[in-house]
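Let me begin by presenting the structure, written as structure tokens, before commenting on it.
2 protein chains.
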Amino acid sequence: MSVNTKTTQNPLTPVAQKFILHWGEMGTRWGINRTVAQIHALLFISPHPLPADEIAETLAVARSNVSTSLRELQGWRIVRVVHVLGDRRDHFESIKDVWEIFRIVSEERKRREIDPTLRVLDGCVQELKANPQGDAYTRERLTDMREFLTAMSGLFDEAIRMPAGALKGVLKLRGKVVTMLGKRAG
Amino acid sequence: MSVNTKTTQNPLTPVAQKFILHWGEMGTRWGINRTVAQIHALLFISPHPLPADEIAETLAVARSNVSTSLRELQGWRIVRVVHVLGDRRDHFESIKDVWEIFRIVSEERKRREIDPTLRVLDGCVQELKANPQGDAYTRERLTDMREFLTAMSGLFDEAIRMPAGALKGVLKLRGKVVTMLGKRAG
DNA sequence: CGGTCTTTATAGTAATTTCTGAAAAGAGAG
DNA sequence: CTCTCTTTTCAGAAATTACTATAAAGACCG
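Line order of the protein sequences matches chains A and B.
Under our numbering, residues 1 to 186 are what the first sequence spells out, in order.
Under our numbering, residues 187 to 372 are what the second sequence spells out, in order.
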């Protein structure tokens with residue numbers, strides 16, 4: 001039998017609250033549901049994996065809402081289930097390495113948004129090539145956009161393939177590196 | 187007196203339609219209002235600046251909605267007003283250089299979202315330093331996150347300062363460059 | 001099995017966001 | 001100043017998105 005007091009009271013510290021609320025707002029600005037982002041923030045700063053009911057209680061949202069949101073976070077691959085001895089409930093933890101989170105979310109957004117957009121652009125450019133309906137201009141613009149997104153896509157691919165440690169190294173070097181390259185390329 | 191036929195019929199080609207609709211969807215995924223994104227797409231592929239009524243008619247949305255959306259696009263600094271001889275109406279055009287659009291939007295998102303988040307994180311870390319409420323762990327996580335966003339912020343600053351041509355050069359070189367740096371830093 | 005604990009699905013409700021129509025405000029032209 | 005054309009504002013309507021409560025499903029134990 002379990003010896004856990006299933007209903008751990010866990011009120012947020014003012015700092016935790018501030019961070020979680022802000023993170024929720026930022027989520028909405030980037031197309032992420034507020035509650036989803038808040039749960040992620042909570043798990044990110046939590047030293048232990050948390051069960052869904054505790055998350056619901058802490059953030060004052062319905063248990064079912066937490067369930068759905070956790071599923072979404074798992075879809076983004078930045079939260080996973082773990083189990084705790086003597087407790088039947090699922091517990092959830094976030095990836096803790098910010099560089100790794102960035103890497104994974106980048107990969108996911110590329111897959112979900114950039115790649116499909118490239119496919120649409122390819123389709124558009126093809127169609128315009130096949131029967132130029134008089135809009136050479138549109139074709140030029142769409143080709144530019146495709147070129148841009150292809151470059152971005154390649155950049156993401158590179159970043160995605162790197163281990164988080166290397167990514168961190170590269171991005172923190174940027175001052176010197178990018179400036180230097182900028183001079184070379186400009 | 188103007189000789190313009192103020193109500194130019196301008197139905198979208200299938201390709202234009204496909205692109206505009208997709209761009210609208212992508213907008214919503216990144217926290218941009220669908221109509222705002224559609225208007226941007228329309229202006230982006232339009233060879234001429236367009237007046238608000240024509241945009242409204244083409245996209246089948248209310249004139250007032252177009253007005254608001256154009257204002258927002260101007261807020262993002264990727265659309266501007268121009269005037270056409272013999273026409274009292276404002277006409278609008280998008281920046282056409284995709285690299286420049288990227289540069290400007292990056293700058294704006296940094297200013298609106300990353301910088302404020304850094305301020306919040308600074309505040310949080312300060313408070314935790316002042317009175318460590320037992321959560322050394324939270325402090326560690328927030329410090330990591332701050333470090334990450336600071337690096338990103340710096341990266342954006344570099345990109346923002348570059349002329350679009352240089353930015354294009356740097357990003358298209360990425361294959362070799364990033365790989366090389368990755369090896370060095372990893 | 002039956003019983004208990006937990007998670008998931010979903011239909012309806014609530015909240016938020018987006019959009020519209022109408023009216024006000026602004027901007028020349030004469 | 002007045003008339004006309006254009007843009008902006010804004011209150012309410014519509015649409016979408018998010019959330020909750022409840023019920024069903026799943027998992028484990030004895």
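Cβ atoms here follow ideal geometry from the backbone N, Cα and C, with glycine treated the same way.
Note that the structure is predicted; figures quoted are calculated from it, not measured.
CB contact below 9 Å: residue i versus chain A
i	result
Ile264 (chain B)	no
Arg327 (chain B)	yes
Leu314 (chain B)	yes
Asp330 (chain B)	yes
Phe230 (chain B)	yes
Reference residue i; option with closest CA among the options
i	options	result
Val36 (chain A)	A:His83, A:Leu59 and A:Leu85	A:Leu59
Gln260 (chain B)	B:Glu243, B:Val306, B:Arg249 and B:His226	B:His226
Met348 (chain B)	B:Ser292, B:Gly309 and B:Trp262	B:Ser292
Asp330 (chain B)	A:Phe148, A:Thr117, A:Tyr137 and A:Asp97	A:Asp97
Glu243 (chain B)	B:Arg266, B:Arg257, B:Gln224 and B:Glu258	B:Gln224
Lys172 (chain A)	B:Lys358, B:Val356, B:Phe342 and B:Gly355	B:Phe342
Thr324 (chain B)	A:Leu149, A:Ala159 and A:His48	A:His48
Phe92 (chain A)	A:Ile104, A:Arg103 and A:Glu72	A:Glu72
Ile20 (chain A)	B:Ala238, B:Val306, B:Leu236 and B:Glu326	B:Val306
Leu70 (chain A)	A:Lys18, A:Trp30, A:Leu50 and A:Glu108	A:Leu50
Glu326 (chain B)	A:Phe44, A:Trp23 and A:Arg29	A:Phe44
Arg88 (chain A)	A:Trp30, A:Asp122, A:Asp53 and A:Phe148	A:Asp53
Unbroken alpha helix (DSSP H) run spanning residue i, endpoints
i	result
Ser381 (chain B)	Shown here, chain B extends from 187 to 372; a query on residue 381 (chain B) therefore has no answer.
His22 (chain A)	Pro14 to Arg29
Ser94 (chain A)	Counting along the chain, Ser94 (chain A) falls outside any alpha helix (DSSP H), though it belongs to the beta strand (DSSP E) covering Asp87 to Ser94.
Ser46 (chain A)	Premise fails: Ser46 (chain A) is in no alpha helix (DSSP H) and is neither H nor E.
Arg103 (chain A)	Val98 to Arg109
Arg436 (chain B)	Absent from the model: residue 436 (chain B). The displayed extent of chain B is 187 to 372, so no value can be given.
Gly340 (chain B)	Ala322 to Arg347
Ala238 (chain B)	Ala238 to Leu245
Limits of the unbroken beta strand (DSSP E) element including residue i
i	result
Arg266 (chain B)	Val265 to Val270
Amino acids of chain A, ordered along the chain, whose beta-carbon sits closer than 7 Å to that of residue i
i	result
Glu299 (chain B)	Met26 and Arg29
Ala202 (chain B)	Thr138
Pro235 (chain B)	Chain A residues near Pro235 (chain B): none, gap ~13 Å exceeds 7 Å.
Chain A contact residues for residue i, given Cβ-Cβ distances below 9 Å
i	result
Asp239 (chain B)	Those do not exist, as Asp239 (chain B) stays about 21 Å from chain A at its closest Cβ, beyond 9 Å.
Phe334 (chain B)	Val98, Trp99, Ile101, Phe102, Lys168 and Leu171
Contact list for residue i against chain B, beta-carbon separation under 8 Å
i	result
Pro132 (chain A)	Within chain B, no residue comes near Pro132 (chain A); the closest Cβ sits about 10 Å away, beyond 8 Å.
Ile160 (chain A)	Correct list: empty, because the minimum Cβ distance to chain B is about 11 Å.
Residue i: contacting residues in chain A (beta-carbon distance under 8 Å)
i	result
His269 (chain B)	Residues of chain A passing the Cβ test: none, with the nearest at roughly 21 Å.
Leu357 (chain B)	Ala151, Met152 and Leu155
Thr199 (chain B)	Gln133, Asp135 and Thr138
Proximal chain B residues relative to residue i, where beta-carbon distance stays under 7 Å
i	result
His22 (chain A)	Thr303 and Val306
Cβ of residue i within 9 Å of any chain B Cβ
i	result
Ile39 (chain A)	no
Arg184 (chain A)	Model confidence at Arg184 (chain A) stands at a pLDDT of 48, short of 50, so the residue's coordinates are unreliable; what they give is reported in the following sentence. Closer than 9 Å: yes.
Phe19 (chain A)	yes
Gly86 (chain A)	no
Gly123 (chain A)	yes
Cβ contact (3+ pairs, closer than 8 Å) linking the stretch 334 to 351 of chain B and the stretch 285 to 299 of chain B: yes
Cβ pair count under 8 Å reaching 3, the stretch 132 to 142 of chain A against the stretch 198 to 207 of chain B: yes
Touching by the beta-carbon criterion (3+ pairs, under 8 Å), the stretch 106 to 125 of chain A and the stretch 79 to 89 of chain A: no
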